[in-house]
Structure formats: C-alpha cells, structure tokens
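Protein sequence lines, in the order shown, are assigned to chains A and B. Counting in this note's numbering, the final residue of the first sequence is number 380, and the numbers go up one at a time with none missing. Counting in this note's numbering, the final residue of the second sequence is number 642, and the numbers go up one at a time with none missing. All C-beta atoms, glycine included, are put in the ideal place defined by N, C-alpha and C. Being a predicted model, the structure only gives us computed values, none of them experimental.
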Amino acid sequence: MSTPLGMPSPARSGTAGVPTLPEGSTLTKKDFTSDQEVRWCPGCGDYAILAAVQGLLPELGLRRENIVFVSGIGCSSRFPYYLDTYGMHSIHGRAPAIATGLATAREDLSVWVITGDGDALSIGGNHLIHAMRRNVNLTILLFNNKIYGLTKGQYSPTSEVGAVTKSTPAGSVDAPFNPVSLAIGAEASFVARTIDSDRTHLTEVLRAAAAHRGTALVEIYQNCPIFNDGAFQLLKDRDEAKARIAHLRAGEPVRVGEDHVVVRDEHGRMVVLPEADADASRVVVHDPTEADPSTAFALSRLDDPTMQHVPMGIFRQVHRPTYDDLVREQVREAVEAGGTADRDPDEVLADLLRGRDSWTVDGTRAGSAEQSLEARTTEGPTAAAGDALQREGERALVE
Amino acid sequence: MSDMSSTTPLTQLDRVVIRFAGDSGDGMQLTGDRFTSDTAALGNDLSTLPNFPAEIRAPQGTLPGVSSFQLHFADHDIATPGDAPDVLVAMNPAALKANLRDLPRGAMVIADKDEFTRRNLAKVGYDASPLEDGSLLDAGYHVHALPLTSMTVEALADLDLTRKDKQRAKNMLALGLLSWLYSRDTAGTEAFLNAKFAAAPEILRANLIALRAGHAYGETTEDFAVRYEVAPAPTPPGTYRTVTGNQAMALGLVTAARRSGLPLILGSYPITPASDVLHQLAALKDHGVTTLQAEDEIAAVGMALGASFGGALGVTTTSGPGLALKSETIGLAVSTELPLLVIDIQRGGPSTGLPTKTEQADLLQAMYGRNGESPVAVVASSTPSDCFTTVLEAVRIATTYRTPVILLSDGYLGNGSEPWAVPAVADLPDLTVEHADGPNATDEQGEPVFHPFLRDEETLARPWAVPGTPGLEHRIGGIEKADVTGNISYDPANHDRMVRLRQAKIDRIADSIPPLHVDDPTGRAKVLVLGWGSTYGPISAAVRLVRSTGAHVAQAHLRHLNPFPADLGEVLHRYDRVVLPEMNLGQLALLLRGRYLADVRSHTAVRGLPFTAAELAQVIHGHLLEVDAPTEVTA
C-alpha cells in the first residue's frame, strides 16, 4: 500500500530555505575561523580540507548562524571546533542520525556532517546508509585515510587486505569497503570522490555537494602522516596521478591518463583500454544524472586497492525528494487538511484531549467520591480472603 | 436495545471483574476494549488489564496462544483491574485452562462449548471436557457452556460469507451476551463497528447481527437466573474519557508541545510495549507533530537530540532493551546539557525478557546506566491517566534544567485503561521556554560575548542557544568543557568542578517539586507503604483493605525518583517501618537505603503481572503485626 507523496519540486538547491546574507554583505574565510587553536598533527590532510571548507562557505552567501557542522568521533571530527558556525562534536558514528533530526526540525539550516572512515563506515555504518537511503538534505564529508588515527593506528574498514597495523601485526584479513560503491548501493543521490591535496578539485566538488538537495556523500582521500603516511602517494605524484586518475566530467568521455578510455564491453563490464584499441561507440560518456545507478556503480568498481585506475569527481547526482522536505510537507498538509491552522490552538488541543468518546458528569450524578471511598473498601480479594484479612487486621489492632 | 424487554430479575452489584479469554486470533482485546467503552459511557469507574502473548499468532488453541482482557468496573472509585475475575469468558479449552487458577470459588464461567472438541481438549492436556465431567462444578463454579460458535454461524446463515468469516464474529456474540448480562448499552459498540467496517458492509452486518444475537439470546434464554446492574460511580462533575497510559502519554506530549511553544519531534524505533505511543503520535500530524521512525534505537534518540539542538522538543520512546542502546546518546545530552525526553515503557527483562508483560526493573538503568558521573532526572507515572500529568512534568524539568529526563512507565500502565477527567487547557502548567537571544557576558575588552556554559544562578541551567541565532555561534560536544566558555578542557580541577556542577543542577530540581504527599488520615499510622510507578493502584487498593479492618497505615507514592522530593528522608524516618513493594528485586529500596540510611522493607515480585491488592494487604498486615508485637512494646 502506498500513497503518492506529491513531491516538492526536485530542482531546489541544497541551501534553499536557508537565510542568505543581506544584499551587498559578504563574509570572508576569517569569519568562519573560530578562536580555537587547531590541533591536528603537522602535515595532516585535515588542514587542507578545513581551509577549502572555510574558503567555500563565504561563497554560499548564507548567514553564518544558519550553518551547522555535526561530527562524530575521530581526528576529523574535531573539525566543527575550528569553524565559527554552530556545531556539535557528537559521539562515535552517530552524526548522521543527529544531523537527520536537526535537518528535519529546521528547514532553515545548512547541515554538514564531518566523519571519517572508521566513524562512518564501521561504528556508524547503519546511520550512514539510512541517511543516504532517506536522502536527508545533508552534506556529508567522509575523510578517508584508511586508518584509525585518534586511537593511534588500528586498521579501518577501508584498509586494504594485508594492511599491517597495530591491531593486525600479521596483516589484516578484513575485506575493505569501497565508500563510493557503498553510497551508490545505499541509494545516495549525490556521490563524489576528491582528494585533500587538490584544492581546486576539492572546492569544486564541495560546491556541487552544497548545492545538491538531498544527501551528498563526498569521499575525501586524506593523508594521515603519522599512522598511514603516503596511503595516496600514487595519486599525489604528478606523473602517477596523471596515469591513474579518471576524472569524471559530465558529458565527456571517461579518460584514464592521456591515452586510455573507459569502455563498456559486450558483457556490460567497464574496462580500461588504450584509446586506439577502443570502439568509439562503446566509450563511456559520463552522465551523473542518469537515474539508473548501474553505470555509476560500475565506474566505482574500476577502483581497486592497487589504485590502478581511480575515478575522481561526481559519480552520481540525481534529484529525488528529500526525507526532511517530505516529512515537513506531510505535517504542513495535515495541519491544512485538519483545518486547525485558523482555529484557537487551545480549542484545538481541548478537542483532541476530549476525543470522540467522552462523557460529561453533571451535578446530579456527582456524588462525593471521597465519601464513596470510605464506604466501599471491598476491592481486591475474594470474600474469603477479605474475612481472613479482617481477622488479621483485628489482631494487628490488639496492642 | 432496551433493558425493559427482559424479564430476568436484576441484581445490583457494587463491582464486577470480568475476564475475556480466547485464542490470540479470537479478538479478545477488541471485545474487552468495546466492553470497556460501553462501561465507561455508563459512568462506572473502571480499570483494565490486557494480557497477551508476544507471538502475533501462537499455534491455535494452545496455552501460549491465550490472550485475555480483564476489566474491573464498579459503582465506586477503584484502583486496580481486580485481583480475581468474577466471570471468565473462555472461548476455548486453552483459555479455560490458562485462567482457571485465578478463578475463585463462586465465579461464573461462560464457555464456548463448540470449541471443546476432543482435538482442542487434547492440545492442552484435558482427557475429558471440564464442562461435562463435573470438575468445574465441584470447584464451586457456575458454568454456562454455550454453543457460541454455532449460534453465531446460525445467526449469520443468510449472509454471503464463508463459514470461517462467520465464526470470526463470535466475539461480538459473546460481547452482546455479556452486555445483556451486565445491563450495558451497546450503542457505542454499534457506532464503532459502523465506522470500522464502513468499507466492508457484509462484515459489518455480520458483526452487528452477532452482537444483537448475543443480546437477544440473553433475553430469551433461561440459562441465566439473574442479570446484574452496576450503578454509575459518584464522580465529580466534568468531562471524562477512557485512556490507556500510552494514549495519555501521546496526548501529554502534544499538550506539552503546545504549552511550551516548541515543535514536537519524536524519534522512535518500534518496540513492545512502547510502539503504541509512536502510532498515536504519527496519527497527530494535523497537530503539528513530527514522528521519525529511525533505523535503530540509537538513531531514534540521536534524531531527538538533534531536534533538541535545533530548539525543538526532542523526544524518544522505547522499552528497556532500547534504553540500553540509547545510553551513550543520553550521556551526550548530559554533557551537552540539552533538553531530551526519554520515555521507557518498561517490560520484563533482562535482554528480550517478557516483551508483553510488565515489570519496573529499569529504575537503576535509568539512574545509572551510563558511563561516568552522568546524572539525569527520572520521573515515573503511577496510573494510565497519570502518564499525561507526568509527561508534562518531565518536559518542564527537561526544558527548564536543560537535561535529559527519563520517564518510566510500564506495560501495565501503557496498555491498561481507566476513566480520565479531561483537564481544561487553561488549567495546565505553563511550560513556556525562552531560547537565548543575545550575548550573556562581556570579554576583557568589554565586548559582548556569548558563553554557552554560563549558568542560571537559580537553576544552574545553561542557555539554550539555537542555531539560526546570530552572534551566539558555538560548538558543543561530548568532550569535557571548560566551565562558562564551553571550550574543550582537560584541566583536572575544571573536570572536578563540571562533574559536581552537573550533579548539583540535577539536585536543584528538588527545589521545584512539591513535598511528598503522605496519606495518613488518622495520623496514627506507624507503618508507611511507599511505592513508585504502576504499583500505585494495587498499593492503594491494599491500603484501603487494611484500613477497612480498622488498622492504621500511611501511604505515599513517588513521582520524582531523581531527585527525590526534598522531604523524603524526613518522611521515611517519621514512621516505625517503611514497606516498599516493587516489581523488581528492590531497586528503589537500594537507593533509599543508600541515600537515607532508612531500613526500608522490600516486598518484591517479578511475575510480569501487577501485584494483587490481597497480596499486598497481607504483606502490610504482616508488618503491622510485627511493629505492634509485644516484644517491641517491652523493649
């Protein structure tokens, strides 16, 4: 049984409904910098992401007080302390749930979630997939450094098989998640990947994510210089990166390096071929707005732990109604249909409390309840038990 | 249907306890609900006890599949669903066998003899039908073995329905008969059926015909020598309705939202016996209520806390296992000092325990079930309608003191019903909340600043500054915060101070709660019976019983469990003995002994059912005898 939901226009921006700055007024990066000393390790990728976010926020033109960052637990989750917006540094894995309550309660807020690979994909995996399934209007930045940093170096759900860490001295036997594949599988309406070291790309992706109405999941490859240094070195070395990264650009063929393209073979699989060997009609032209997630998912599978081919950019960007919009719309419609909006709220409440099956006692039936209590004390036991009690009571009175 | 047509003599009764029992598919809960509504409309006082298995449809005809609904109604004020039924309606052998042990001599048994087949008897281990072998008569019961199923099918002969569908209306036939027997008007039930089956005219006809046929059978049969009448109970003037505890809870939440001016946002995950509160509220969207069914218990409380951070009335409803899962988030609410209402409709534990049975064994979990020094306010409802009052109080505490409040109800209160004097909206407490709207301090340069942890001197509450308020941007979290500024702080002295401040804030709540009401009419009592939660009904009934023998006993009941009323210690020490019945192994007794060094005497039972008044009266008498024993006099 299902009811058509009369979805709101899908073309709304992610920040629609959030108050903007007065005409002519702007904020700067400094306005978004809090007075707290940043305490990440020197060289941590988090610095670059913080700078990119602080650089992007003024561009959105939103009032600072209407922006909220909610994080979980982990190094990256300290993020909100360093931004002069509203923020909550919550508990491990639960940020998407808390943000869902906040975003649903407050249409006028731009709500961001800051999380890491352990926070989002291990302890908080359930909340992450359900936020994406519901399509809550949130921008989720998943800092993936493939390690537990704050607890000092245990393998994470994105660490590769064989990863030698403090908790896996013989190498990890856990198969990792591909966060992008997971997000697409969980029905996310916006899924992207970027990297801490490419400020331009990072900002571009964040801009698109902020503009998207619905859950935007952005995986950010982020280097942990202490416990997993160089995890993405292959993507940072200029030449290596060029050969490995497949930049996803809407409307363009998906290329890897200078002379390879991504082709869909006769079985529907994605393969990377030299452009010269490829059937031009089979070259994949990227369309993140395609309703069917199969192509986006197949692209996400090009990636493997050896980083032979790494697609970067926006995998999927489709419009579907957001959970929080629908929830609010149902309430609004019910209030309208109930005709309660124009009535005295106290009268509406009084009607509700009375219900449909009430009865009224007037003075004639209203004896004294107090008197009747004294007169009637037969509740409880059967007659026989009452007699026994009576006898005991009498004994009790004999002092 | 007029009562005048019957020629059977009428006998006046002051109270009756009826238990409807059948297979879990027989519609006994509905039958009980309808009898309750018709009884309420007549003006009797009443109290109900639904009792059903956790399985939706246990194997048909077996003991685990028996579902029952007990209703106590009277021409005077009553406090419990009754210790023992005067009438048992048994729709099959399993229903008879499962309930027989509760039936006192002299009780009436009305059984559907069509269901007492050899096969059904064998399912529950009867060699012969107890309806025919004389065993029930020997035990002193008045037995009416009636062909309820075949009478129903016969009455519906002309309807275009399958035999199975026709049989399903037998509960209405039984209801009609009982309505005749106890002089209830069935107009309310007819209206109910008309609304419920509006879309299924043939089923509607079947139910109406069966209902009337049951009533008509009573009028024409000579099986019943007398019928009964229970006069309306004297009641103060006013408007009344029946409510279950879960209904009252939902109504209380909507009321609290209205009285506080905050939007109500419920985050909940389905769990017995709390789901009904979610259902009730989900149907009240036209009152501006938002309900979010979360992916799990943790997300449910997370959503509520997120809503609270956004300035709404964030609420989560659950039962014991869910409360366990929510504990870390409740700790976050303690640390961030945000209002949060957690409603625990307790059930039998530990673990999955007894999902559909009642218990009050989550008190210590509510008090202490979190890491660190993590005090929260705890309140408990005492009757189904008291859930309304208690939830308003819980919201007052949560929003005034910016703290999580755990409200303890239980399955007995949640599912049980009683008449409720509907309050006038104007008489309800004003719960107006003011969010912070500007800076509350100045910095060294004399510039206005906002300190999110600068406390109100009276309540020690911190400001509730909501996103969207310019100039009050701040960050909160679970890491220890510096006093006043709320910045991260690992300073040892600061932590010590913050731990004590959070505790002191909860302790301050005691300044805002009334002294404990002690009912000691003669002022001569040496024994105080103390209770909390749903034991109120049975304890009150037991105290009345004891007093009816001329003995003196005082009674007090706690709504506030953390903090306790300020005068509780003094009350405890005023009496020679304090008796404390609890449906756990003595959890409140442990707290009271630790806190007040009072020699509280526990009486405990964890059977999944409320205490009986008789049992508690015996216990109280025992203590009265001990306290008045000669050895003590000479000592």
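Checklist entry - What is the DSSP secondary structure of B/D52, reduced to helix, strand or coil? => result Residue state, collapsed to three classes: strand.
Checklist entry - Is there a Cβ from chain A that is less than 9 Å from the Cβ of B/V237? => result no
Checklist entry - Does the beta carbon of A/R45 come closer than 9 Å to any beta carbon on chain B? => result yes
Checklist entry - Beta-carbon separation of A/A397 and A/G42 under 9 Å? => result For residue 397 of chain A there is no data in the structure shown, the boundaries of chain A being -18 and 380.
Item to check | Three-way DSSP call (helix, strand, coil) for A/T287 in this model | outcome: coil
Next on the checklist: Need the endpoints of the alpha helix (DSSP H) that B/L78 sits in, please.
Outcome noted: Here B/L78 belongs to no alpha helix (DSSP H); instead the beta strand (DSSP E) covers V73 to A81.
Checklist entry - How many Å lie between B/L53 and B/F42 at the Cα? => result Taking the straight line from one Cα to the other gives about 11 Å.
Checklist entry - Are B/A289 and B/G421 closer than 9 Å when you measure CB to CB? => result no
Next on the checklist: If you measure between the beta carbons of A/R44 and A/T1, is that distance less than 9 Å?
Outcome noted: Their beta carbons are under 9 Å apart, which means A/R44 touches A/T1 by this criterion.
Checklist entry - Is it right to say B/E302 is buried, meaning 16 or more other beta carbons lie within 10 angstroms of its own, or is it exposed? => result Classification for B/E302: buried.
Checklist entry - So, helix, strand or coil for A/V142, using DSSP? => result coil
Checklist entry - Relative to the C-alpha of A/Y67, which residue among B/D109, B/I483, B/Q367 and B/E441 is closest? => result Measuring from the Cα of A/Y67, the nearest candidate turns out to be B/I483.
Checklist entry - Mind checking whether B/G113 and B/H149 have CB atoms under 9 Å apart? => result yes
Checklist entry - How would you write the range of the beta strand (DSSP E) that A/F124 sits in, first residue to last? => result T120 to N125
Checklist entry - Could you give the C-beta distance for B/G29 and B/A102, rounded to a whole number, given that I count them as a contact under 8 Å? => result B/G29 to B/A102, Cβ: 5 Å. Contact.
Item to check | Straight-line Cα distance separating A/D100 from B/E487 | outcome: 20 Å
Item to check | heavy atom of the ligand MG below 8 Å from A/D16 C-beta | outcome: Looking at this structure, you won't find the ligand MG or any other ligand, since it has none at all.
Next on the checklist: Quick check on A/R87: buried or exposed, where buried means 16 or more other Cβ atoms within 10 Å of its Cβ?
Outcome noted: Buried, by the Cβ-count rule.
Next on the checklist: Would A/R(-7) pass as an interface residue toward chain B - the criterion being a Cβ-Cβ separation below 9 Å?
Outcome noted: no
Checklist entry - If you measure from the beta carbon of A/T321 to each beta carbon in chain B, is any gap under 9 Å? => result yes
Item to check | Exposure label - A/T85; buried when at least 16 CB within 10 Å | outcome: buried
Next on the checklist: Contact criterion: CB-CB distance below 9 Å. Does B/K512 meet it with respect to chain A?
Outcome noted: no
Next on the checklist: Buried or exposed, going by whether 16 or more other CB atoms sit within 10 Å of the CB of B/I516?
Outcome noted: buried
Checklist entry - Is the shortest distance between the beta-carbon of B/M115 and the beta-carbons of chain A less than 9 Å? => result no
Checklist entry - Could you give the C-beta distance for A/S52 and A/I110, rounded to a whole number, given that I count them as a contact under 8 Å? => result Separation of the CB atoms of A/S52 and A/I110 is rounded to 18 Å, and the pair is thereby denied contact status at 8 Å.
Item to check | Enclosing beta strand (DSSP E) for A/F171 [first to last residue] | outcome: F171 to I176
Checklist entry - For A/S(-6), which residues does DSSP report across the bridge? => result A/S(-6) pairs with nothing; no bridge assigned.
Next on the checklist: If you follow the alpha helix (DSSP H) that B/F199 is in, where does it begin and where does it stop?
Outcome noted: A194 to K203
Checklist entry - If we cut at 9 Å on Cβ distances, does B/I25 have a partner in chain A? => result Chain A, which has no Cβ nearer than 9 Å to the Cβ of B/I25, makes this no.
Checklist entry - What's the gap between the Cα of A/A126 and the Cα of A/H228? => result It is Asn, not Ala, that sits at residue 126 of chain A in the sequence shown. Straight-line Cα distance between these residues: approximately 20 Å.
Checklist entry - Checking contacts by CB at 9 Å: is A/Y67 closer than that to chain B? => result yes
Checklist entry - In or out: B/T323 buried (at least 16 other Cβ within 10 Å) or exposed? => result buried
Checklist entry - Skipping 5 residues on each side, what residues in its chain have a beta carbon closer than 7 Å to that of B/R683? => result Since the first residue shown for chain B is 8 and the last is 642, residue 683 of chain B is missing from the structure and cannot be characterised.
Checklist entry - In chain order, what residues of the same chain lie with their CB nearer than 7 Å to the CB of B/V398, ignoring the 5 residues before and after it? => result M256, G259, L260, A263 and L414
Checklist entry - Going by C-alpha distance, which of B/W187, B/A238, B/N569 and B/V607 is nearest B/E226? => result Per the C-alpha coordinates, the member of B/W187, B/A238, B/N569 and B/V607 positioned closest to B/E226 is B/W187.
Checklist entry - Under a Cβ-count criterion, where at least 16 other Cβ atoms within 10 Å of its own Cβ denotes burial, should B/T556 be classed as buried or exposed? => result buried
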